[in-house]
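Enquirer:
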Amino acid sequence: MTAPNPLACASFLIGAMTLAGVLHSAWLRSPGSRRFAIPLDGGRTFRGRRLFGENKTLRGFLVIVPGAGLSFFALALALSFPAGAVPAALWPLSPLGYAGLGAAAGLGFMLGELPNSFVKRQLDVAPGMAPRGPAAALVTFVVDRLDSILGMLVAVSSAVPTPWQVWLYMLLLGPAIHWSFSLLLFRLGVKARAA
């Protein structure tokens, strides 16, 4: 078995997670999603402050996990046509295997945001808001772009052999794409701030 091509794998992850992000954005914008805006922390607190806050809800998990699974499956299926197999440059999985990998990636993506949210709540930064001060705002901006990508990469790397270059490509390109989605969600009125 040949090792997967890092650039091909990173491109696949970017394409599939971007598609999952589109599904996620559409879901968050839909009126039906609001009934699932149940805070993950259930209102629990630590040191008198919420664990994650009002913005980390069940509705995000309800779509990004199966949406990422569907996106990975659809992209793997599209790449398999007409040869009947996923290109050798990628991981040697069936399209259904990619669906499982995608669900894991989506779960990792969402779980990756939780430690950052916890820290921000403990620092008394309101959900969806930037902290006071330029240094804190810059650190938060960078961490907000990387946390979910790191969670996704940990999940993917736990399931399939992932060359270090995939991590490098994702950590270099992923934040720009993640920021673009934050900007899109802001423009759609889903998020309170663009960053």
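Sequential numbering of the sequence shown, starting at 132, is according to the numbering used here. Using N, Cα and C, we set each Cβ at its ideal position, and we do this for glycine too.
Looking at Ala236 and Ala333, is the spacing between their C-beta atoms short of 8 Å?
Expert: Nothing about residue 333 can be read from this structure; the chain reaches only from 132 to 326.
Enquirer: Does the Cβ of Pro265 have 16 or more other Cβ atoms within 10 Å, making it buried, or fewer, making it exposed?
Expert: With fewer than 16 other Cβ atoms within 10 Å, it is exposed.
Enquirer: Report the CB separation of Leu154 from Gly200 in whole angstroms; it is logged as a contact under 8 Å.
Expert: Contact flag wrong, Cβ pair sits at about 11 Å.
Enquirer: Between which two residues does the alpha helix (DSSP H) harbouring Pro306 extend?
Expert: Where Pro306 is concerned, the enclosing alpha helix (DSSP H) stretches over Trp295 to Arg318.
Enquirer: At the level of alpha carbons, what is the spacing between Leu159 and Leu224?
Expert: Looking at the two C-alpha atoms, the distance is approximately 31 Å.
Enquirer: In its own chain, which residues sit with a C-beta less than 8 Å from the C-beta of Leu144, not counting the 5 before and 5 after it?
Expert: So the list reads Ala236, Met283, Val287, Val297 and Met301, once near-sequence residues are dropped.
Enquirer: Threshold first: 4 residues or longer. Then list the alpha helix (DSSP H) segments lying entirely within the stretch 209-264, N to C.
Expert: Segments of the alpha helix (DSSP H) lying fully in the stretch 209-264: 226-242 and 245-253.
Enquirer: Decide if the stretch 165-175 is in contact with the stretch 186-195; the criterion is three or more beta carbon pairs, one per stretch, under 8 Å apart.
Expert: Yes, the stretch 165-175 touches the stretch 186-195.
Enquirer: Going by DSSP, what residues sit across from Pro170 in a beta bridge?
Expert: Answer is Thr188.
Enquirer: In angstroms with no decimal places, state the Cα-to-Cα distance between Asp275 and Glu244.
Expert: C-alpha separation (whole angstroms): 8 Å.
Enquirer: With a cut-off of 8 Å on the beta carbons, I'd call Ser279 and Phe240 a contact; round off their distance for me.
Expert: Confirmed, about 5 Å.
Enquirer: Tell me the DSSP bridge mates of Thr176?
Expert: According to DSSP, Thr176 bridges with Arg181.
Enquirer: How big is the Cα-Cα spacing for Ser161 and Phe167?
Expert: If I take the Cα positions, the gap works out to 11 Å.
Enquirer: Look at the alpha carbon of Leu208 and the alpha carbon of Leu238, and state the distance between them as a whole number of angstroms.
Expert: Looking at the two C-alpha atoms, the distance is approximately 21 Å.
Enquirer: Using alpha carbons as the reference points, say which of Leu210, Phe177 and Thr133 lies closest to Tyr229.
Expert: Ranking Leu210, Phe177 and Thr133 by Cα distance to Tyr229 puts Leu210 first.
Enquirer: Using C-beta distances below 6 Å, list every residue in its chain close to Phe312, excluding the 5 sequence neighbours before and after it, in chain order.
Expert: So the list reads Gly152, once near-sequence residues are dropped.
Enquirer: Count the other C-beta atoms from every protein chain shown that fall within 10 angstroms of the C-beta of Leu227, then say buried if there are 16 or more, exposed otherwise.
Expert: By the neighbour-count rule (16 or more Cβ atoms within 10 Å), Leu227 is not buried but exposed.
Enquirer: Return the first residue and the last residue of the alpha helix (DSSP H) that Arg165 is part of.
Expert: Arg165 -> no alpha helix (DSSP H), and no H or E assigned at all.
Enquirer: Let me know if Trp295 comes out buried or exposed under the rule of 16 or more other beta-carbons within 10 Å of its beta-carbon.
Expert: It counts as exposed.
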